[in-house]
Amino acid sequence: MTLVAGVDSSTQSCKVVVRDLETGALVRSGRAAHPDGTEVDPAAWWSALRSALEAAGGLDDVAAISIAGQQHGMVVLDSEGRVIRDALLWNDTRSAQAARDLIDEVGAEAYAARVGVVPVASFTATKLRWLRDAEPANAARVAAVALPHDWLTWRLLGYGPADESPLGPDLEALTTDRSDASGTAYWSAGAGAYDFELFERALGRPGREAAGAAGVCADAGARDTDGARVILPRVLGPADAAGRTPDGVLVGPGAGDNAGAALGLGAADGDVVVSIGTSGTVFAVTDSPIADPTGTVAGFADAGGLNLPLIATLNAARVLSSIADLLSVDFDTLAELALSGEPGAEGVVLVPYFEGERTPNLPDAKASLHGLTIATTRPATFARAAIEGMLCGLADGLDAVRAVGVREKRILLIGGAAQNRAVAAIAAQVFDAPVVVPAPGEYVADGGAVQAAWALTGERPTWTVEAAAPLPVDTRAVIREQRGQYL
Ligand SMILES: Nc1ncnc2c1ncn2[C@@H]1O[C@H](COP(=O)(O)OP(=O)(O)O)[C@@H](O)[C@H]1O
Ligand SMILES: O=C(CO)[C@@H](O)[C@H](O)COP(=O)(O)O
Numbered sequence: 326m327t328l329v330a331g332v333d334s335s336t337q338s339c340k341v342v343v344r345d346l347e348t349g350a351l352v353r354s355g356r357a358a359h360p361d362g363t364e365v366d367p368a369a370w371w372s373a374l375r376s377a378l379e380a381a382g383g384l385d386d387v388a389a390i391s392i393a394g395q396q397h398g399m400v401v402l403d404s405e406g407r408v409i410r411d412a413l414l415w416n417d418t419r420s421a422q423a424a425r426d427l428i429d430e431v432g433a434e435a436y437a438a439r440v441g442v443v444p445v446a447s448f449t450a451t452k453l454r455w456l457r458d459a460e461p462a463n464a465a466r467v468a469a470v471a472l473p474h475d476w477l478t479w480r481l482l483g484y485g486p487a488d489e490s491p492l493g494p495d496l497e498a499l500t501t502d503r504s505d506a507s508g509t510a511y512w513s514a515g516a517g518a519y520d521f522e523l524f525e526r527a528l529g530r531p532g533r534e535a536a537g538a539a540g541v542c543a544d545a546g547a548r549d550t551d552g553a554r555v556i557l558p559r560v561l562g563p564a565d566a567a568g569r570t571p572d573g574v575l576v577g578p579g580a581g582d583n584a585g586a587a588l589g590l591g592a593a594d595g596d597v598v599v600s601i602g603t604s605g606t607v608f609a610v611t612d613s614p615i616a617d618p619t620g621t622v623a624g625f626a627d628a629g630g631l632n633l634p635l636i637a638t639l640n641a642a643r644v645l646s647s648i649a650d651l652l653s654v655d656f657d658t659l660a661e662l663a664l665s666g667e668p669g670a671e672g673v674v675l676v677p678y679f680e681g682e683r684t685p686n687l688p689d690a691k692a693s694l695h696g697l698t699i700a701t702t703r704p705a706t707f708a709r710a711a712i713e714g715m716l717c718g719l720a721d722g723l724d725a726v727r728a729v730g731v732r733e734k735r736i737l738l739i740g741g742a743a744q745n746r747a748v749a750a751i752a753a754q755v756f757d758a759p760v761v762v763p764a765p766g767e768y769v770a771d772g773g774a775v776q777a778a779w780a781l782t783g784e785r786p787t788w789t790v791e792a793a794a795p796l797p798v799d800t801r802a803v804i805r806e807q808r809g810q811y812l
């Protein structure tokens, strides 16, 4: 049996799946936790990846692997391959002013036209601008900029600081893929190329694409050794390999986690994916790139050679864990409480902007609870209002992706919180389209396994994904309508 592995290095944890190349059957899996916080030492991800791989039985009998991961995080490396400062994650909003500055300088329409996105605090470019302004000494030391999955792929290939890796700090060996590159705000899915002027505008230093690992690099002249230009990872296509691990395991291109999920689910025309993890996301695979000058919908690339228009919220599964903690209940009891009441939670509305918000773009917002009376101040209304409030943000996201031309036949509901029976049931009352909850699984890591298989064989595998029957559409207008008065 030939085995392939996929990884999801997500915000809260690292998950590994090992699958049979032929049938796609799950053979083994493993996971390890990531630290909390929006600023993380990437060494913690490397350590979690190694633990999760060990828990999944290791790579000795695995032919190929590919790493998908949380998007946008800023990993800055010096010329010795060392991480200069902790990575700023996608949900770190300190670069909100930097985003506004970049838009003032370039213009929202120009950004959308050039790279398919208008900067918000999540995107890598804004974090680089923040670094330039807040930590100029660190900005001056930057020799390469990578995303979380790029950096982990590089480490897995054997690169890193000289005292920590067999192959040493060859920054030219850094790779990324189209999907993750498109979340930087300096790579265009439409053009299939970096926009180096936008990169330089962000960091204040010129950039260039990595030439390829030593001994592999076709164009030795492309290497410039004076370090004047900052290296950006070489962008791989869907079937490309990044290289091999020191033990000979083929390494696929990797992906942003949402693109990974689309691949793992086999999302096709008519499918809109709603993912409820640390982030809430709504996305679809489309033939044409989109450029939304309002910045609501990001024109990302997918991991299969197409496009992935996407909206993201900062407040998703953690809204539910916060309210469950507040009520001192587990997730099953939270579900029971939420389902014990009527749609609309007796007028109680949670606007759940606990962490600021990205859609709508309100990085400094806070959460608020409305409509309480003495009679409605009960665990059941809080539980329902939390789920309804979180889902309403995603329903607005569905409207936004529809507004750029996406037409869904069904919604595929995935991510940790999709396993909550109240979330699935209330989703059928909030959305106005059939909701399908695929079998519980790690679809981002599965996307990594698809990439590994693709890089190994040259063919995209056609594994089947099990899904329950669609939940009947049961839209209750009151849920979204009553919230309108509090936005
Ligand atoms: N039954 C459940 N009900 C609600 N939330 C859940 C449930 N199970 C897991 N979660 C939440 O899902 C999140 C993890 O989901 P996941 O998709 O793995 O997130 P990420 O990819 O962002 O790390 C955690 O915040 C966890 O608390
Ligand atoms: O910022 C985005 C997408 O643009 C997020 O979706 C991150 O990619 C993190 O994902 P999770 O850890 O929530 O899966």
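Numbering (our numbering), first residue to last: 326 to 812. Heads up, the beta-carbon is just placed ideally off N, CA and C, and yes, glycines get one too.
### Task
Count the other CB atoms, across all protein chains shown, that sit within 10 Å of the CB of R732; report buried if there are 16 or more and exposed otherwise.
Exposed.
### Task
Could you tell me how far apart the beta carbons of L723 and F756 are, in whole angstroms, since I believe they sit closer than 8 Å?
Rounded, the Cβ-Cβ distance is 6 Å, consistent with contact.
#### Entry: DSSP-derived helix/strand/coil call for T501
Judged by DSSP in its simplified three-state form, T501 adopts strand.
### Query
Which residue or residues does DSSP assign as beta-bridge partners of N632?
In the DSSP output, where bridge partners are listed per residue, N632 has T611, A626.
### Query
Excluding five sequence neighbours on each side, which residues of the same chain lie with their C-beta closer than 7 Å to the C-beta of P618?
Correct list, in chain order: A433, E434, A437, V443.
### Task
Please classify F656: does DSSP put it in a helix, a strand, or coil?
Here F656 sits in helix by DSSP.
### Nearest-angstrom Cα separation, counted from K452 out to D627
Taking the straight line joining both Cα atoms gives about 23 Å.
### Alpha carbon of A793 to alpha carbon of A758, nearest angstrom
Taking the straight line from one Cα to the other gives about 15 Å.
### Query
Name the DSSP beta bridge partners of R735, please?
Answer is D596, bridged to R735.
#### Entry: Endpoints, beta strand (DSSP E) assigned at K340
Its beta strand (DSSP E) spans residues 338 to 345.
### Proximity below 8 Å, CB of A749 to CB of D799
No; because the gap between Cβ atoms is not below 8 Å, this pair is not in contact.
### Query
Is there at least one non-hydrogen atom of ligand 1 closer than 7 Å to the beta-carbon of L645?
At a cut-off of 7 Å, the beta-carbon of L645 counts as near ligand 1: some heavy atom of the ligand is closer than that.
### Query
Are the stretch 632 to 640 and the stretch 574 to 587 touching, with three or more C-beta to C-beta distances below 8 Å?
By the criterion of at least three beta-carbon pairs nearer than 8 Å, the stretch 632 to 640 is in contact with the stretch 574 to 587.
### Query
Leaving out the 5 sequence neighbours to the left and right, which residues in its chain are closer than 7 Å to E713 when beta-carbon positions are compared?
So the list reads A670, I751, V755, I804, once near-sequence residues are dropped.
### D333 - partner residues in DSSP beta bridges
D333 has K340, A393 as its beta-bridge partners, per DSSP.
#### Entry: Cβ neighbour criterion (16 or more within 10 Å) applied to K292
As displayed, the chain neither begins before 326 nor continues past 812, which places residue 292 out of reach and without an answer.
#### Entry: Among A567, V574, A510, the one whose alpha carbon lies nearest that of R535
The displayed chain sequence assigns Ala, not Arg, to residue 535. Measuring from the Cα of A535, the nearest candidate turns out to be A567.
### Message
Quick check: the Cα distance between V445 and G508, rounded to an integer number of angstroms?
### Response
Distance between the alpha carbons of V445 and G508 is about 11 Å.
### Task
Please go through the same chain and pick out, in chain order, the residues whose beta-carbon is closer than 6 Å to the beta-carbon of A660, but skip the five residues on each side of it.
Hits under 6 Å: N745, R746, A747.
### Query
Relative to ligand 1, is the shortest distance from any of its heavy atoms to the C-beta of G602 smaller than 7 Å?
For ligand 1, a non-hydrogen atom lies closer than 7 Å to the CB of G602.
### Task
Report the rounded CA-to-CA distance for E430 versus G620, giving the unit in angstroms.
Those two C-alpha atoms are separated by around 16 Å.
### Task
Would you mind reading off the limits of the alpha helix (DSSP H) that contains A433?
In the DSSP assignment, A433 falls within the alpha helix (DSSP H) that extends over 433 to 440.
### Task
List the endpoints of the continuous beta strand (DSSP E) containing G718.
From DSSP, G718 is part of no beta strand (DSSP E) but of the alpha helix (DSSP H) over 704 to 728.
### Task
Could you check if A543 is buried or exposed, using at least 16 other CB atoms within 10 Å of its CB as the buried criterion?
Here the model assigns A543 a pLDDT of 46, short of 50, so the residue's position is not dependable, and the following value carries that caveat. Exposed, since its Cβ has fewer than 16 Cβ neighbours within 10 Å.
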